[in-house]
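J.: With our numbering, letter number 201 in the sequence shown gets 491, and the count goes up by one each step, no holes.
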Amino acid sequence: MFDLNLDNIDTGLQAPESEPHRQYHYMAKCRKLVAKLAAVKGRKLKYHVETFGCQMNFKDSEKLEGVLEAIGFEAEESEKADIVIYNTCTVRENANTKVYGRIGYLGKLKKQNPDMLIALCGCMMQEAVAVEKIKNSYRFVDLIFGTHNIYKLAELLWKVYGNRLSDNRAEHRHRMVIDIWKDTDRIVEELPSVLKYKFKAGVNIMFGCNNFCTYCIVPYVRGRERSRKYADILKEIRDMVSNGIVEVMLLGQNVNSYGKGLEDPISFAELLKQADSIDGIKRIRFMTSHPKDLSDELIDVMAHSRHICRHIHLPVQSGSDRILKAMNRHYTAADYMKLIGKLRDAMPDIAITTDIIVGFPTETEEDFSDTLKLCEEVGFDSAFTFIYSKRTGTPAAAMEEQVPDDVVKERFDRLLEVIQRSSEKRASSLAGKTVEVLVEELDREPNDGHSCMLTGRLENNLLVHFKGCPDMIGKLLNVKLDECRGFYFLGSIEE
Ligand code: SF4
291 MFDLNLDNID TGLQAPESEP HRQYHYMAKC RKLVAKLAAV KGRKLKYHVE
341 TFGCQMNFKD SEKLEGVLEA IGFEAEESEK ADIVIYNTCT VRENANTKVY
391 GRIGYLGKLK KQNPDMLIAL CGCMMQEAVA VEKIKNSYRF VDLIFGTHNI
441 YKLAELLWKV YGNRLSDNRA EHRHRMVIDI WKDTDRIVEE LPSVLKYKFK
491 AGVNIMFGCN NFCTYCIVPY VRGRERSRKY ADILKEIRDM VSNGIVEVML
541 LGQNVNSYGK GLEDPISFAE LLKQADSIDG IKRIRFMTSH PKDLSDELID
591 VMAHSRHICR HIHLPVQSGS DRILKAMNRH YTAADYMKLI GKLRDAMPDI
641 AITTDIIVGF PTETEEDFSD TLKLCEEVGF DSAFTFIYSK RTGTPAAAME
691 EQVPDDVVKE RFDRLLEVIQ RSSEKRASSL AGKTVEVLVE ELDREPNDGH
741 SCMLTGRLEN NLLVHFKGCP DMIGKLLNVK LDECRGFYFL GSIEE
């Protein structure tokens with residue numbers, strides 16, 4: 291790990307070319323500047339990072355916060371901070387509309403505080419049309435960067451501050467810095483990061499995606515698939531465990547294809563096996579798995595592991611072979627059912643969750659019935675169900691025969707009913723049992739001076755609420771599931 295005492299870095303020298311040394315150089319420069327600005331204001335400078343979207347974005351935000359804290363900023367809950375960063379998502383078209391509204395609000399805050407610095411990053415910024423709109427309509431934004439150069443935050447901030455300080459003319463003070471890369475194979479390790487929880491953390495194992503499902507924007511905004519070296523991943527997990535982390539979630543758009551393209555490749559199953567043997571690790575989760583790449587080796591490793599949670603999120607998307615082909619998913623409903631059979635043969639208690647899209651272009655009633663049939667047969671523990679949303683820039687958006695809204699809505703409601711039935715059935719089969727839960731947060735403050743309500747997570751990802759003390763947060767406890775309330779439980783600690 292690099293020395294985070296940035297005061298040891300000689301900022302008078304030219305910035306090194308190699309990473310992450312270059313970023314440490316800029317962090318040290320920014321740190322001096324931030325200290326000066328804080329002295330003028332007579333208080334510490336504050337940052338606020340707002341994250342939209344998925345686990346990958348949340349992980350990226352931890353990296354942004356790590357750099358901000360290293361250069362002397364302090365976290366602030368509200369958007370009335372000295373620097374506000376929106377880490378955006380563009381998975382659905384209406385996600386963008388929401389972000390434009392929020393940027394407008396930031397503009398109002400900036401009128402009250404012209405020193406405020408506004409930065410936008412994440413998937414939406416990888417879209418040329420979004421950047422163009424911000425350039426024209428939100429000219430008060432100071433910095434735009436993308437998903438591939440998150441690690442460059444310190445260098446980019448230095449540029450923004452440089453613009454501000456080198457020229458006092460108002461029009462130049464707000465010169466927007468834009469740095470968007472189309473794609474990269476670069477992975478920069480060993481930069482600071484602030485973990486949201488002290489007991490669980492996400493670990494990136496790969497970035498990007500090569501699958502080009504026809505409805506998905508990810509390969510266009512997060513680039514081609516590239517894996518981190520397994521030695522770096524395992525070291526990161528070991529470091530986390532020695533700092534008190536008990537649960538890790540291995541993250542990637544398609545974890546089952548981990549390792550491809552590495553000079554010294556290992557399979558995802560092998561990576562899991564090695565993570566499972568790390569001393570002190572208690573729980574390992576992973577997402578997301580693509581059914582086409584789920585191997586027998588992986589099922590075997592899961593079944594024989596000590597710490598890999600008996601839960602798999604396996605997005606099926608549709609039960610119709612015709613629609614799966616149009617989605618470019620490379621498996622059939624029968625292939626999927628075969629995998630479910632293998633998983634349950636190896637681990638009868640495994641929880642299986644999924645993603646399903648309703649109303650993909652050309653979906654007929656017959657296609658939809660196939661989806662319902664598959665869901666009935668699998669009996670999912672839960673599912674993220676989505677109404678198909680036309681995503682400009684994807685092949686599906688150009689497909690004719692988009693399904694009318696009222697038809698999609700009606701199908702969606704029918705699907706929800708089926709999923710709810712199977713979720714309730716699966717959850718209620720656990721009622722009365724005692725299971726191990728990871729205590730995650732305080733649900734309600736103590737009201738009798740001693741106990742309060744806590745929330746814990748089961749291995750299958752469901753939640754249980756029970757009485758306990760705040761110092762139990764982060765611990766694994768045995769909790770009796772007294773009552774099933776559909777998608778969560780009420781329980782009590784088993785002495
Ligand atoms: S596997 Fe398909 S749905 Fe998942 S990120 Fe890649 S392209 Fe998108």
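The beta carbon of each residue, even a glycine, is placed where N, CA and C say it ideally should be.
Just so it is clear, the structure is predicted and the values come from calculations on it, not from any experiment.
With C-beta atoms as the reference, is Met743 less than 9 Å away from Leu753?
T.: No, Cβ-Cβ distance for Met743 and Leu753 is not below 9 Å.
J.: Under the DSSP definition of a beta bridge, which residues are partnered with Glu340?
T.: Beta-bridge pairing links Glu340 to Tyr376.
J.: Are the Cβ atoms of Ser565 and Leu524 separated by less than 9 Å?
T.: The sequence shown places Ala at residue 565, not Ser. Contact flag set, yes.
J.: Do Gly356 and Leu481 have their C-beta atoms within less than 9 Å of each other?
T.: Closer than 9 Å, so yes.
J.: Roughly how far, in whole angstroms, is the beta-carbon of Gly758 from the beta-carbon of Ser741, given that I think they are within contact range, below 8 Å?
T.: Correct: roughly 7 Å between the Cβ atoms.
J.: Alpha carbon to alpha carbon, how far is Ala593 from Glu714?
T.: Cα to Cα, the separation comes out at about 25 Å.
J.: Using three-state DSSP, classify Tyr678 as helix, strand or coil.
T.: Three-state DSSP puts Tyr678 in coil, outside helix and strand.
J.: Based on DSSP bridge pairs, tell me the residues matched to Met577.
T.: Met577 pairs with Leu541.
J.: Enumerated in chain order, which unbroken segments of the alpha helix (DSSP H) with a length of 4 residues or greater are wholly contained in the stretch 485-545?
T.: Fully enclosed alpha helix (DSSP H) runs of 4 or longer: 508-511 and 520-532.
J.: Would you say the beta carbon of Gln543 comes nearer than 8 Å to a heavy atom of the ligand SF4?
T.: The answer is yes for Gln543.
J.: Run through DSSP, which three-state label would Ser672 get?
T.: Strand, per DSSP.
J.: Between which residues of its own chain and Glu383 is the CB-CB distance below 8 Å, once the five residues before and five after are set aside?
T.: Excluding residues within five positions, the ones whose Cβ falls inside 8 Å are Ser679, Lys680, Arg681 and Thr682.
J.: In terms of DSSP beta bridges, what is Ala365 paired with?
T.: According to DSSP, Ala365 bridges with Tyr337.
J.: Is it the case that the CB of Cys503 approaches a heavy atom of the ligand SF4 more closely than 8 Å?
T.: Yes - the ligand SF4 has a heavy atom lying nearer than 8 Å to the Cβ of Cys503.
J.: Considering Ile434, what are the terminal residues of the beta strand (DSSP E) in which it resides?
T.: Start and end: Leu433 to Phe435.
J.: Please name the residue in Leu771, Trp471 and Ala688 whose C-alpha comes closest to that of Ser719.
T.: The shortest C-alpha separation from Ser719 is found at Leu771.
J.: Which ranges does the beta strand (DSSP E) cover as unbroken runs of at least 3 residues, wholly within the stretch 610-672, from first to last along the chain?
T.: DSSP runs (the beta strand (DSSP E)) wholly in the stretch 610-672: 641-648.
J.: Can you give, in chain order, each stretch of the beta strand (DSSP E) that sits fully within the stretch 394-442 and has at least 3 residues?
T.: As far as the stretch 394-442 is concerned, its whole beta strand (DSSP E) runs of at least 3 residues are 407-412 and 433-435.
J.: Determine the extent of the beta strand (DSSP E) in which Tyr778 is found, giving its start and end residues.
T.: Looking at the DSSP string, the run of the beta strand (DSSP E) that includes Tyr778 is Tyr778 to Ile783.
J.: Is the distance from the Cβ of Cys344 to the Cβ of Tyr376 below 9 Å?
T.: Contact flag unset, no.
J.: Please confirm whether any heavy atom of the ligand SF4 lies closer than 8 Å to the CB of Pro605.
T.: Pro605: yes, Cβ under 8 Å from the ligand SF4.
J.: Judging by CA-CA distance, which residue of Glu785, Leu748 and Glu784 is the nearest neighbour of Ala777?
T.: A small correction: the amino acid at residue 777 is Phe; Ala does not occupy that position in the sequence shown. Among Glu785, Leu748 and Glu784, the Cα nearest to that of Phe777 is on Leu748.
J.: Quick check on DSSP: helix, strand or coil for Gly758?
T.: The answer is strand: DSSP assigns Gly758 an E or B state.
J.: What would DSSP say about Cys742, mapped onto helix, strand or coil?
T.: The answer is strand: DSSP assigns Cys742 an E or B state.
J.: How many angstroms separate the CA atom of Tyr316 from the CA atom of Ala365?
T.: Approximately 20 Å, taken between the alpha carbons.
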